[in-house]
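Enquirer: Sending over a structure as structure tokens; questions will come in a sec.
And the structure:
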């Protein structure tokens, strides 16, 4: 079946460090891929998405490239800020009804 | 544009009691989702509505959980009777359509069953 695997957290970085959060998936067909972010006390919100192979989604300095050959959608940011501290969820949808979410990766950024 | 509204934000009940959650989606969004998010896990879809019809309730424990979406707008999710393992955050989300559309989430209701 369809599934999403994320690196386990928490990830702790100093401000201005480079961030990578790994995400790999298993899916039939050609899924759309998403990164959602959940700030403390808030609901999830879409950070970026990619709908086909080799697409790059980007938003707020975050990027992720849809790699079909490695079934990956790793999230990256060149210089993190304290305000980026949150839980990040990778997700996929194969065009059916259900979006599958990963377990989430908690990021702490220290000043 | 108003976001997805949920109430209550927090609820504490004893096992075997019943509880209901309410969700008001973004105006005009045809698709509404209820998710269960257990601590340390990603959201798990419980039920998905397209307008007022159910399109997926395969992971809804139907012996104790029920949900409805009257007139294709607001929705309620009910648990009766609650079990300890129902302690979780219940998230409501809505989207313009299905599949590749962005989902907009409410703040969630944190349920504690004692």
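Protein chains in written order, with the numbering used here: chain Y, 531 to 641; chain H, 32 to 145.
Every residue, glycine too, gets a C-beta built ideally from N, C-alpha and C.
#1: Measure the Cβ-Cβ separation of residue 112(H) and residue 47(H) and say whether it is below 8 Å.
#2: Determine, for residue 39(H), whether the minimum Cβ-Cβ distance to residues of chain Y falls below 8 Å.
#3: Are residue 527(Y) and residue 563(Y) close, meaning C-beta to C-beta below 8 Å?
#4: According to DSSP, which residues form a beta bridge with residue 36(H)?
#5: To which residues does DSSP link residue 87(H) through a beta bridge?
#6: Which of helix, strand or coil does DSSP assign to residue 120(H)?
#7: Helix or strand or just coil, what does DSSP make of residue 587(Y)?
#8: So who's on the other strand from residue 69(H), going by DSSP bridges?
#9: Report all residues from its chain with a CB closer than 8 Å to the CB of residue 541(Y); omit the five preceding and five following residues, and keep chain order.
#10: Output yes or no for whether 8 Å exceeds the beta carbon distance between residue 534(Y) and residue 553(Y).
#11: List, in order along the chain, the chain H residues whose C-beta lies closer than 7 Å to that of residue 631(Y)?
#12: Are the region 91-99 of chain H and the region 108-124 of chain H in contact at 8 Å, needing three or more beta carbon pairs?
#13: Taking Cβ positions only, does residue 628(Y) come closer than 8 Å to chain H?
#14: Opposite residue 613(Y) in the DSSP bridges: which residues?
#15: Beta carbons nearer than 8 Å to chain Y: which residues of the region 117-140 of chain H have them?
Expert: So, from the listed chains and residues:
#1: yes
#2: no
#3: Lying outside 531 to 641, the shown extent of chain Y, residue 527(Y) is not represented and no answer is given.
#4: 55(H)
#5: DSSP lists 79(H) as partners of residue 87(H).
#6: strand
#7: strand
#8: None, per the DSSP bridge assignment.
#9: 549, 551, 635, 636, 637, 638
#10: yes
#11: 73, 74
#12: With three or more CB-CB distances shorter than 8 Å, the region 91-99 of chain H counts as touching the region 108-124 of chain H.
#13: Taking Cβ atoms only, chain H reaches closer than 8 Å to residue 628(Y), which makes this a yes.
#14: The partner list for residue 613(Y) (beta bridge, DSSP) is empty, contrary to what the question assumes.
#15: The residues in question are 122, 124, 129, 130, 131, 133, 134, 135, 136, 137, 138, 139.
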